[in-house]
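In the working numbering, the protein residues as written are 9 to 228. First up is the structure itself, then whatever we jot down about it.
The following block contains the structure:
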C-alpha cells in the first residue's frame with residue numbers, strides 16, 4: 009500500500025497544545041491514525057487521548073483509502089500536538105543494590121515543557137550538576153536524549169561504590185511550570201555479607217525542603 013498527501017496539503021500542519029493530564033480528540037473519517045515519523049498505527053476512527061503525557065506529543069496523520077486508486081492510501085493534513093505542563097520524572101528503578109567496590113549507574117528519565125532551568129542530583133552530603141566534574145568518584149553525566157524533543161535521560165555514575173554511598177539519592181528538575189523530583193534508594197553490600205540501606209547522616213527531606221525554598225527565592 010502507498011500513502012500520499014491529500015490534494016498536496018501536507019506541507020502545513022494543524023498545531024494543538026494540550027496540558028499534562030488533559031484530553032484531546034482527533035477526527036479521522038474512514039481511515040486510521042498514524043503517530044510520529046514512522047507512522048506507528050494508533051487505531052481507526054476518532055483518536056481520543058486521555059490523561060495526556062509528554063510521550064503523546066508529536067505528529068499525527070489520518071490516513072484514508074483513495075477511492076479512485078485501489079490499494080492506495082492518502083495521508084491528510086497532519087496534526088502536531090504539543091504537550092506542556094509541570095516537569096515529570098521517571099526513575100528506571102527506585103531501589104538498586106551494588107557490592108562495595110563495584111561501579112553503579114543510577115538513571116532517571118524526565119520531561120519538561122517549558123524547558124528545565126535547573127537540574128541537580130543530591131545525596132545527604134553533596135550536590136551534583138549534570139555535566140559537571142567528577143567529585144570523590146561520583147559524577148552526574150551529560151544529559152542524553154529521551155527519544156522525544158522534550159524528554160531527557162540523566163545518569164549519576166559512581167565509579168567504585170562505598171559504604172557511604174548507601175541511602176537515598178535524589179534528582180530534582182525545575183522549570184517555569186514547577187518542580188519534580190525522583191528518589192532512588194541504594195543498598196550497598198560489603199564483602200562479608202552485611203548491607204546498609206536507607207540510614208543517612210542527615211534528613212534528606214530537610215535538605216529537599218531547603219533546596220526548594222532556594223529555588224523559588226531565585227525566581228523572585
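Just so it is clear, CB atoms sit at the ideal spot from N, CA and C, and this is done for glycine as well.
What whole-angstrom Cβ distance do residue 186 and residue 94 have, given they're in contact under 8 angstroms?
Counting from one through the chain shown, the residue named residue 186 turns up at place 178. Counting from one through the chain shown, the residue named residue 94 turns up at place 86. Sure, about 4 angstroms apart at Cβ, within 8 angstroms.
Kindly confirm or deny that the region 56-76 and the region 97-104 touch, where touching means at least three C-beta pairs closer than 8 angstroms.
Segments in contact, no.
Kindly list the residues whose CB is nearer than 6 angstroms to the CB of residue 184, restricted to its own chain and excluding five residues on each side of it in sequence; keep chain order.
Indexing the chain shown from 1 puts residue 184 at position 176. Result list for residue 184: 122, in chain order.
For residue 127, which residues from the same chain have a beta carbon less than 6 angstroms from its beta carbon, with the 5 sequence-adjacent residues on both sides left out?
One-based indexing of the chain shown puts residue 127 at position 119. Closer than 6 angstroms at Cβ, skipping near neighbours: 138 and 181.
Can you name the start and end residues of the beta strand (DSSP E) that residue 162 belongs to?
Numbered from 1 along the chain shown, position 154 holds the residue referred to as residue 162. Per DSSP, residue 162 belongs to the beta strand (DSSP E) from 159-166.
Could you pull the DSSP bridge partners for residue 189 from this structure?
Mapped onto the chain shown, residue 189 falls at position 181. 180, per the DSSP bridge assignment.
Pick out whichever of 142, 178 and 170 has its Cα sitting closest to the Cα of residue 129.
Taking the chain shown and counting its residues from 1, one reaches residue 129 at position 121. Closest option to residue 129, Cα to Cα, is 178.
Can you list, in chain order, the residues of its chain with a C-beta nearer than 7 angstroms to that of residue 173? Leave out the 5 residues immediately preceding and following it.
Position 165 of the chain shown holds residue 173. Excluding positions up to five away in sequence, the list reads 166, 194 and 196.
By the 10 Å Cβ neighbour count, where 16 or more other Cβ atoms means buried, how is residue 134 classified, buried or exposed?
The residue given as residue 134 occupies position 126 in the chain shown. Residue 134 should be labelled exposed.
Once you ignore the five residues that flank residue 57 on each side, which residues in its own chain have a CB closer than 7 angstroms to its CB?
Position 49 of the chain shown, counting from 1, holds the residue named residue 57. Around residue 57: 31, 32 and 64.
If I'm right that residue 55 touches residue 34 with Cβ under 8 angstroms, what's the distance once you round it to whole angstroms?
Working through the chain shown from its first residue, we reach residue 55 at position 47. Working through the chain shown from its first residue, we reach residue 34 at position 26. Yes, residue 55 and residue 34 are in contact; Cβ-Cβ is about 4 angstroms, under 8 angstroms.
Just to check my reading of the structure: residue 168 and residue 111 have Cβ atoms closer than 8 angstroms, yes? What is that Cβ distance to the nearest angstrom?
One-based indexing of the chain shown puts residue 168 at position 160. One-based indexing of the chain shown puts residue 111 at position 103. Between residue 111 and residue 168 the Cβ distance is about 7 angstroms, and since that is below 8 angstroms, they are a contact.
Work out the CA separation of residue 162 and residue 115 for me, nearest whole Å.
On the chain shown, position 107 is the one that residue 115 refers to. On the chain shown, position 154 is the one that residue 162 refers to. Cα-Cα distance, rounded: 6 angstroms.
Count the other C-beta atoms from every protein chain shown that fall within 10 angstroms of the C-beta of residue 189, then say buried if there are 16 or more, exposed otherwise.
If you number the chain shown from 1, residue 189 lands on position 181. Classification for residue 189: buried.
Can you check which of these residues, 132, 106 and 117, is closest to residue 176 by C-alpha distance?
To locate residue 176, count along the chain shown from 1; it is residue 168. Nearest of 132, 106 and 117 to residue 176, Cα basis: 132.
State the DSSP-derived secondary structure class of residue 206, mapped to helix, strand or coil.
Here residue 206 refers to the residue found at position 198 when the chain shown is read from its first residue. Only weak support is given to the placement of residue 206: the predicted model assigns it a pLDDT of 43, under 50, and the value that follows is read from those uncertain coordinates. Residue 206: coil per DSSP, three-state reduction.
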